[in-house]
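Quick note: the sequence shown, position 118, residue 628 per the working numbering, numbers continuous. For every residue, glycine included, the Cβ atom is placed at its ideal position computed from N, Cα and C. Please read these numbers as outputs of a predicted model, since none were measured by experiment. Beneath this line is the structure, given in structure tokens, with notes to follow.
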Amino acid sequence: MPTKVFDLASFNRGDYLAAGRSEALARTICRVLYPDDTTETGKELRLKQEYFFTSASIQDLLRRFLSTHADIRTLPDAAAIQLNDTHPAIAGPELVRLLVDKHDLGMDEAIALARRCLGYTNHTLLPEALERWPEWLFGRVLPRHLEIIREIDADHLRRHEGAPKILDHGNVNMGELAFIMAHKVNGVSALHTDLVKKTVFHDLHRIHPQRIVNQTNGITQRRWLKTCNPALSGLITRELGDGWVTDLDLLSKLKSRTGDVAFKEEFVAAKRANKVRLANWVTETMGISIDPDAMFDVQIKRIHEYKRQLMNILETVALWNEMRAHPDAGWTPRVKIFGGKAAPGYHVAKEIIHLINDVAAVINSDEITKDLLKVVYPPNYNVTMAEVLIPAADLSEQISTAGKEASGTGNMKFALNGALTIGTLDGANVEIREHVGPENFFLFGLTAEEVMERRMQPGYARAAIDASPRLQRVLGQIVEGRFCPQDQGRYHGLVGMLYDSDYFLVTCDFDSYYDTQRRADEAYKNARNWAAMALVNTASMGFFSSDRTIKGYARDIWHVGSRLGAGEEAAE
511 MPTKVFDLAS FNRGDYLAAG RSEALARTIC RVLYPDDTTE TGKELRLKQE
561 YFFTSASIQD LLRRFLSTHA DIRTLPDAAA IQLNDTHPAI AGPELVRLLV
611 DKHDLGMDEA IALARRCLGY TNHTLLPEAL ERWPEWLFGR VLPRHLEIIR
661 EIDADHLRRH EGAPKILDHG NVNMGELAFI MAHKVNGVSA LHTDLVKKTV
711 FHDLHRIHPQ RIVNQTNGIT QRRWLKTCNP ALSGLITREL GDGWVTDLDL
761 LSKLKSRTGD VAFKEEFVAA KRANKVRLAN WVTETMGISI DPDAMFDVQI
811 KRIHEYKRQL MNILETVALW NEMRAHPDAG WTPRVKIFGG KAAPGYHVAK
861 EIIHLINDVA AVINSDEITK DLLKVVYPPN YNVTMAEVLI PAADLSEQIS
911 TAGKEASGTG NMKFALNGAL TIGTLDGANV EIREHVGPEN FFLFGLTAEE
961 VMERRMQPGY ARAAIDASPR LQRVLGQIVE GRFCPQDQGR YHGLVGMLYD
1011 SDYFLVTCDF DSYYDTQRRA DEAYKNARNW AAMALVNTAS MGFFSSDRTI
1061 KGYARDIWHV GSRLGAGEEA AE
């Protein structure tokens, strides 16, 4: 709250709005998180929010620590602070500020002590997602912290000549700050961690070769199976007992049941019950009738170009074209379900949402294909909705451009609930495929190395479009206004982007994606074999429990039981 909540003098002058202005501005700090930061005021509010919540957490941590400990220098023996991406990267300078200004430590000692407390989890390989604040803005909002960052930067450069700078070209680079102030930096999948070393933190990894470690993400089976899918979790408990709830590795015993016809029938019945529940919900909330016996093909995640919801909807249109041309060709009926939100200022992502909904309106009203294909985009996607969608999914869409997804956890939730994955070799998809077996995973697309090579080829997007008559037709329909007759030019920019840049290689992976979807169609027709593949997916998810992940953090980063000694950072 502001130091002066209400200005009585302004009120008495009749300026009632000014009287409460300070309180109203203070409340914006926590009224809406992640504000649109495409404006200067939005950037300033976001920086204030990051500082407010980070500082509150650290000050509370110190308060509790000092209630039972006398010496602030023993803080690393009792406290571990994990930075979840760069949003709380201000934690390093803030902890140093408190140690220096409130507890009278010297600057060098405070920096070293803070580093022993801090770990940094990187969640992105997108350079634009590693926050950079204009130095003038940072200095205006947090002048003391900018002074401390200069000290941190200078100290690191003294020790490591030629190291990347935190303060560079008028910006405060929060990724570099988080890395330099952490004693350990971790990626969240094996592939991601390897790419972190090779790309975004290549130079810092060369200087600190022992600092980056891997901790593959995990999910909690208590929520994402036991609670959200009682039909399946009840079957598993009846078969294995309830030990799997705290030891997910026990699911591996289910692999022996893939040949058991009766058990697979119960497994399929549990899936169908979840699909009926979802179908009823879609009808009640959206007025769209969907068939529980169709393949439920689901992509739910934040809307972003690299996650390639655009490629999914383009493939949907291509499939619709083929179904309309040959309605009696023995198609596998599909329900394409999308869910997710876009950042407030992300114009392209919002256009993709518009396109999906425009396509849905046309396809869902088509009398020729109404029993073969439906497109559903439930509004206001959230966790509660996910708890209904995930247990009902047959096919999990994990189709990001290889080398761009750090890990993903939706991929794990779907597989745990018996969905097969169609995906690229990206993020934790790589490890999921290793655990479930290549024969139980629909792989397509370029690898991360091939993506980088393809981007070096001039005109790669136009070449891919020219080589794909199917894609040409879809893009032509969109440009001609087939799905938005009231505003025929709405998607010209979106399609033009695919021709001119297509950084995320939608065009290059499109044909491989379409062909692999047809393999999934054929596989789904063999219900007994599909059930066995789905059961193997569920049975292979033991490694992806968050229990294993947290044990890894405790052992490798937080050093629980033997907190980080003062000499470890110096030794590195």
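Nearest C-alpha to ASN831 among MET796, GLN987 and TYR561: GLN987. Three or more Cβ pairs drawn from the stretch 622–640 and the stretch 685–697 lie within less than 8 Å of each other, which places the two stretches in contact. Non-local beta-carbon contacts of ARG642 in its own chain, meaning distances under 6 Å to residues more than five positions away in sequence, involve ASN681 and ASN683 in chain order. Per DSSP, reduced to three states, the secondary structure at ARG844 is strand. Secondary structure note for PRO644: it is in no alpha helix (DSSP H), and the uninterrupted beta strand (DSSP E) holding it is 642–644. Of the candidates ASP770, GLN725, GLY1003 and MET617, MET617 places its Cα closest to the Cα of ILE658.
The straight-line gap separating the alpha-carbon atoms of PHE711 and THR596 is approximately 13 Å. Taking each of VAL651, LYS612, LYS846 and THR768 in turn and checking the Cα distance to ALA1042, the smallest one comes out for THR768. For VAL771, the number of other beta carbons within 10 angstroms of its own is below 16, and it is reported as exposed.
For ASP1021, the closest C-alpha among the options ASP752, SER906, LYS1061 and LEU953 is that of LEU953.
Counting only the Cα atoms, ALA779 lies some 9 Å from ALA741.
Taking a cut-off of 8 Å on C-beta distances, the stretch 863–880 touches the stretch 814–831, as three or more cross pairs fall below it.
The Cβ atoms of ALA971 and SER906 lie no closer than 8 Å to each other. Counting the other Cβ atoms within 10 Å of the Cβ of ILE568 gives 16 or more, which makes it buried.
For THR631, the enclosing beta strand (DSSP E) starts and ends at 628–631. Pairing LEU882 with PRO837 gives a Cβ-Cβ distance under 8 Å.
Three or more pairs of CB atoms, one per stretch, sit closer than 8 Å, so the stretch 901–916 contacts the stretch 925–941. According to the DSSP assignment, SER567 belongs to the alpha helix (DSSP H) that extends over 550–576. Counting the other Cβ atoms within 10 Å of the Cβ of GLY849 gives 16 or more, which makes it buried.
The three-state secondary structure of LYS1035, taken from DSSP, is helix.
The alpha carbon of GLU959 has as its nearest neighbour, out of PRO979, ILE975 and ASP936, the alpha carbon of ASP936.
Pairing ILE873 with GLY913, the inter-Cα distance amounts to about 33 Å. As a beta-bridge residue in DSSP terms, LEU953 pairs with GLY933. For LEU735 and LEU585, the gap between their C-alpha atoms comes out near 38 Å. With fewer than three CB-CB distances shorter than 8 Å, the stretch 720–732 does not count as touching the stretch 660–673. For the pair of segments examined, the stretch 1037–1051 was found not to touch the stretch 814–822: the number of CB pairs separated by less than 8 Å stays below three.
Here ALA859 is buried. Its C-beta has 16 or more other C-beta atoms within 10 Å.
Considered as a whole, the stretch 879–915 harbours 893–902 as its complete alpha helix (DSSP H) runs of no fewer than 4 residues, in chain order. Here the stretch 715–728 makes no contact with the stretch 643–654; the two share fewer than three CB pairs at distances below 8 Å.
Contact annotation: LEU593 and ALA534 have beta-carbon atoms that are not nearer than 8 Å. With contacts defined by Cβ atoms closer than 8 Å, LEU623 and ARG573 do not form a contacting pair. Counting only the Cα atoms, ALA916 lies some 24 Å from MET1007. Taking C-beta atoms under 8 Å as the contact rule, ALA925 and ASN1047 qualify, at a distance of about 4 Å. Restricting attention to PHE1053, ALA588, ASN522 and PHE575, the CA atom closest to the CA of GLY1071 is found in ALA588. With a beta-carbon spacing of about 30 Å, TYR1023 and GLN725 fall beyond the 8 Å limit used to define contacts. Annotation: the stretch 986–1030 contains the following complete segments of the alpha helix (DSSP H) (minimum length 4 residues), in chain order: 1002–1010.
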